[in-house]
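The UniProt record's numbering applies: residue 1 is where the sequence shown begins, and numbers increase by one. Yeah, the Cβ is synthetic: ideal placement off N, Cα and C, and Gly gets one too. Bear in mind that the values here come from a model prediction, so they are computed numbers and not experimental data. First the structure, in the form of structure tokens, and then the observations on it.
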Amino acid sequence: MDLLHTQDGTPTLLHPVYGEAYHPRQGALLQARRLYLEQTRTHLHPAPRVLEVGLGLLVNFRASLESALLRGVRLRYLAVEREPLPGELLARVRLPLPLAEEVFQDILGRWPAERFAGPWGELRVLFGDVREVQLPRLWATAVYLDPFSPRANPEAWSPFVLRALRRALRPGGRLATYSAQGAFRRALKEAGFALHRVPGVGKREWTVGIGRGVPPG
């Protein structure tokens with residue numbers, strides 16, 4: 001895969017099968033901060049627990065870790081990844097996040113392990129299909145839904161997966177995603193999320209779902 005540079009100067013990659021980039025052309029790091037951290041309020045949470053679907057290049061993880069380290073809080077991060085990239089390819093995607101990059105280099109030394117931990121917190125990776133992995137109930141303070149698009153990867157956006165994500169999210173927790181597809185939004189609402197539309201960067205809208213009450217099941 002060849003590196004592509006987005007408009008904020010940070011790199012991404014084009015997936016040869018899906019025909020989509022891992023991040024928007026407006027900026028890989030920009031989306032991580034503006035959409036996933038800010039819209040889920042992870043950048044303010046005193047004890048963030050993030051569940052991500054689609055770990056990819058670990059940009060969202062590193063942006064979340066940098067925020068946590070700057071604030072002096074521990075980050076607990078659980079990610080589901082069906083197609084992990086090789087460590088030598090991940091090593092080429094450098095970000096201007098000095099604290100997180102130091103941790104990231106240690107992670108690359110043992111990649112792809114299932115658990116990484118240190119004074120900064122913990123990263124656990126479930127390597128497999130999100131429809132098949134076991135997610136902890138009422139664990140996450142935030143969900144980053146960041147697989148390839150519903151067109152390219154419809155399984156990751158299915159009602160079954162959205163219900164599983166709702167069960168994994170604590171009451172009042174937030175799910176954020178770049179997709180504004182109508183069928184997805186209807187399924188998100190049916191899964192037990194209060195639906196919100198927020199202005200996007202590079203597109204008109206992003207989607208935020210807030211977990212209300214305790215999910216069934």
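Should residue i and residue j be called a contact, given that it needs their Cβ atoms to be closer than 8 Å?
i, j, result
"G209", "F193", "yes"
"P46", "V17", "no"
"V80", "V53", "yes"
"L126", "R170", "no"
"G121", "A142", "no"
"V201", "R62", "no"
"S149", "E66", "no"
"V133", "L95", "no"
"L145", "L123", "no"
Can you tell me whether residue i is buried or exposed, with buried defined as 16 or more other CB within 10 angstroms of its CB?
i, result
"residue 226", "The first residue shown for the chain is 1 and the last is 217, placing residue 226 beyond what the model contains."
"V214", "exposed"
"A100", "buried"
"Q39", "buried"
"Q7", "exposed"
"L55", "buried"
If you draw a straight line from the C-alpha of residue i to the C-alpha of residue j, how long is it?
i, j, result
"L37", "V93", "20 Å"
"G87", "F160", "31 Å"
"R110", "F104", "10 Å"
"A180", "A191", "16 Å"
"P189", "P147", "A small fix is needed here, since residue 189 is Lys in this sequence, not Pro. Going from the Cα of K189 to the Cα of P147 covers about 19 Å."
"Q129", "P199", "The question names Gln, but residue 129 in the sequence shown is Asp. In a straight line, the C-alpha of D129 is about 30 Å away from that of P199."
"R25", "A140", "29 Å"
"P98", "P154", "35 Å"
"residue 231", "R185", "Limits of the chain in this structure are 1 at one end and 217 at the other, which puts residue 231 out of reach."
"H15", "L85", "11 Å"
"H196", "W206", "9 Å"
"Q31", "T10", "11 Å"
"L4", "L13", "6 Å"
"Y77", "L162", "19 Å"
According to DSSP, residue i sits in a beta bridge with which residue or residues?
i, result
"R197", "T207"
"P11", "H5"
Tell me whether residue i counts as near the ligand MG, meaning its Cβ is closer than 7 Å to at least one heavy atom of that ligand.
i, result
"T12", "The ligand MG is absent from the structure shown, which contains no ligand whatsoever."
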